[in-house]
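Residue numbers (my numbering): -2 to 270. Backbone N, C-alpha and C define an ideal beta-carbon position, used for all residues, glycine too. Here is the structure we will look at.
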């Protein structure tokens, strides 16, 4: 191969891909078990927090956020644009899963993602949380904060593994949640049913669920693609916006199956960006 010729995949990209697949298998194998209930409750928090963020963005007022032990939750609000607030829950899970996946590729970016998550966990406690949500948020804020400290003062890399796990779980949970709750059945009171009523009953709840499922799949695939692009050798010395807006993201597909180097160095993955 000529010197300077683009190669896919380099060691950080291959490590990322293998870790993503490993986490994906772990999530699917343990999906219905009690061991991942804390993660499912975390996803419920992200769901409700996404409703709250959409409410704030559309100039509404959030009165309360609650997460229940049965993995349900509710966001109490007034005002705002309901047509944007309602879909923000399920799509928010997929969106933040994508964000965690993309930002897991570097030490600084994973620290930003983890710090933002800790902030949201603590900030949401200002909005009349129930007891279960208080315990949940303090648990995840403590655990995630501890990993941040370990990353910078004890051992690296470790935080990127955690952030990627969050990203994979949220992405998979969003797909399973949408498919199981909105596509395969119609539940009065669900977000899809609420949007069906809000839109004048012009789009059936299952149709709404299918649309959200497609968007969630796109966000997951887009997150994987963007993470791989940002870990490419051409992007190592360039800013995110400069790299994404260049021709490199589209050239990535041309290199995808040309040549794959399987010699791994997991530590190098976390030195990028």
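- For the options 194, 149, 92 and 129, the alpha carbon positioned closest to that of residue 219 is the one of 92.
- Spanning the alpha carbons of residue 160 and residue 42 requires a straight line of approximately 16 Å.
- Here residue 207 carries a helix assignment [DSSP, helix/strand/coil].
- By the 16-neighbour rule on beta-carbons within 10 angstroms, residue 121 is buried.
- Per DSSP, the unbroken beta strand (DSSP E) holding residue 72 starts and ends at 70 to 75.
- If you look at residue 169, you'll find it in the alpha helix (DSSP H) that goes 156 to 175.
- Going by DSSP, residue 58 is part of the beta strand (DSSP E) stretching over 58 to 64.
- Sequence-distant Cβ neighbours of residue 145 in its own chain, meaning closer than 8 Å and more than five residues away, are 108, 111, 112, 115 and 156.
- By the neighbour-count criterion, in which a residue is buried when 16 or more other Cβ atoms sit within 10 angstroms of its Cβ, residue 199 is exposed.
- Around the beta carbon of residue 32, fewer than 16 other beta carbons sit within 10 angstroms, so the residue counts as exposed.
- Its Cα nearest to that of residue 88, the residue 189 stands out among 101, 15, 225 and 189.
- Between the C-alpha atoms of residue 51 and residue 174 there is a straight-line separation of about 19 Å.
- Residue 180 and residue 210 do touch by the CB rule: their CB atoms are close to 6 Å apart, below 8 Å.
- The beta carbon of residue 142 sits closer than 7 Å to the beta carbons of 115 from its chain, once the five residues preceding and following it are set aside; these are given in chain order.
- Between the region 117 to 133 and the region 59 to 68 there are three or more C-beta pairs closer than 8 Å, enough to call the two in contact.
- Secondary structure of residue 134 (DSSP, three-state): helix.
- Residue burial annotation: residue 58 is exposed, with fewer than 16 other C-beta atoms found within 10 angstroms of its C-beta.
- If you draw a straight line from the Cα of residue 46 to the Cα of residue 167, it is about 13 Å long.
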